[in-house]
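> First residue of the sequence shown: 26, per the numbering used here; consecutive thereafter.
Following this message is one structure expressed as C-alpha cells.
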Amino acid sequence: MGIFDKLFHKPQSEHPVITAPVTGTAVALQEVNDPTFSQEILGKGIAIRPTGGQIVAPCDGKVDMMFDTGHAVSLISSNGMEILIHVGLETVQLKGKHYTTHAKTGDTVKRGQPLISFDREAIAAEGYDLITPIVLCNSDRFPILQAHLGAVSAGDPLLTIDG
Numbered sequence: 026m027g028i029f030d031k032l033f034h035k036p037q038s039e040h041p042v043i044t045a046p047v048t049g050t051a052v053a054l055q056e057v058n059d060p061t062f063s064q065e066i067l068g069k070g071i072a073i074r075p076t077g078g079q080i081v082a083p084c085d086g087k088v089d090m091m092f093d094t095g096h097a098v099s100l101i102s103s104n105g106m107e108i109l110i111h112v113g114l115e116t117v118q119l120k121g122k123h124y125t126t127h128a129k130t131g132d133t134v135k136r137g138q139p140l141i142s143f144d145r146e147a148i149a150a151e152g153y154d155l156i157t158p159i160v161l162c163n164s165d166r167f168p169i170l171q172a173h174l175g176a177v178s179a180g181d182p183l184l185t186i187d188g
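Right under this line is the structure:
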C-alpha cells in the first residue's frame, strides 16, 4: 500500500460483528432475571427486550441446534463463534406454543435469514418475561470488544468481537 493509499484508504474493521437477531432494546446480560444468563454461566453476551416478533440469523453460519419448542436456537458462525439465542425466560414450558421455526438443525443460514417467529403478546399474556439473551458460548475464544446498548433493529450491529 502506497503513501496515498494509507492517507485516503478507510480501513475496514477486521473484527467480526454479531448483529441484533430481533428488534428491541439491547441491555446488559446482567439485567436478565436468570442466573444462568446474568452470571454468564453459559458465556458473555447481551440481551434484548424485544419489540419485534421475529428472530433472524445474527451472522452467516450453521444452525447447531433448533430447539423443538422453538424458544431457542444455537448457531455456529462461519468463523467458529457459538451463539445461543434464547427467546424469553422459562419459555420452554410453553412446549412450542406461540413459536414457529423457519430453520432446522443443520441448516446453513445467512445473516438476516428468519429463524423463529413468536407471538410476543400471547407469550407475555401467559406471564413470561420475553427478554432474549444472546450468548457467545465460546466467549473465552472470542472476547467481546464492544456491546451496543439501546434501541436496535434486527440486523444492526450488536456485539463487536475480537477475533
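By construction, the Cβ of each residue, glycine as well, lies at the ideal position given by its N, Cα and C atoms.
Who does Gly175 pair with in a DSSP beta bridge?
Indexing the sequence shown from 1 puts residue 175 at position 150. Its beta-bridge partners are Ala51.
> Enumerate in chain order the residues of its own chain whose CB-to-CB distance from Ser99 is below 6 Å, with the five nearest sequence positions on each side excluded.
Here residue 99 refers to the residue found at position 74 when the sequence shown is read from its first residue. Asp89, Met90 and Leu109.
> I need the DSSP call for Arg145, collapsed to helix, strand or coil.
Start at 1 with the first residue of the sequence shown, and residue 145 comes out as number 120. Reduced to three states, the DSSP call for Arg145 is helix.
> Spatial neighbours of Glu56 within its chain, please: C-beta separation below 8 Å, excluding the five flanking residues on both sides.
Sequence index remark: in the sequence shown, residue 56 carries index 31 (1-based). Ser63, Ala72 and Ile156.
> From Ala9 to Thr130, what distance separates their C-alpha atoms?
Missing from the structure shown is residue 9; the chain here goes from 26 to 188 and no further.
> Can you check whether the CB of Tyr153 is closer than 8 Å to the CB of Thr116?
To locate residue 116, count along the sequence shown from 1; it is residue 91. To locate residue 153, count along the sequence shown from 1; it is residue 128. Yes, Cβ-Cβ distance for Thr116 and Tyr153 is below 8 Å.
> Can you tell me the Cβ-Cβ gap for Asp187 and Arg136, rounded? I've got them flagged as a contact below 8 Å.
Within the sequence shown, numbered from 1, the residue matching residue 187 stands at position 162. Within the sequence shown, numbered from 1, the residue matching residue 136 stands at position 111. Contact doesn't hold; Cβ gap of about 19 Å is too wide.
> Please check the pair Val177 and Ala51, which I expect to be a contact at CB under 8 Å, by giving their CB distance rounded to whole angstroms.
As a working mapping, residue 177 is identified with position 152 in the sequence shown. As a working mapping, residue 51 is identified with position 26 in the sequence shown. 5 Å between Cβ atoms; contact.
> Using a 10 Å radius around the Cβ and a threshold of 16 neighbouring Cβ atoms, would you call His111 buried or exposed?
Locating residue 111 in the sequence shown gives position 86, counting from the first residue. Flag for His111 reads buried.
> Among residues of its own chain, excluding the 5 on either side of Thr133, which ones have a beta-carbon nearer than 6 Å to its beta-carbon?
Within the sequence shown, residue 133 is the residue found at index 108, counting from 1. Excluding sequence neighbours, Thr133 sits near Lys87.
> At what residues does the alpha helix (DSSP H) containing Thr61 begin and finish?
As a position in the sequence shown, residue 61 is number 36, starting the count at 1. Where Thr61 is concerned, the enclosing alpha helix (DSSP H) stretches over Pro60 to Ser63.
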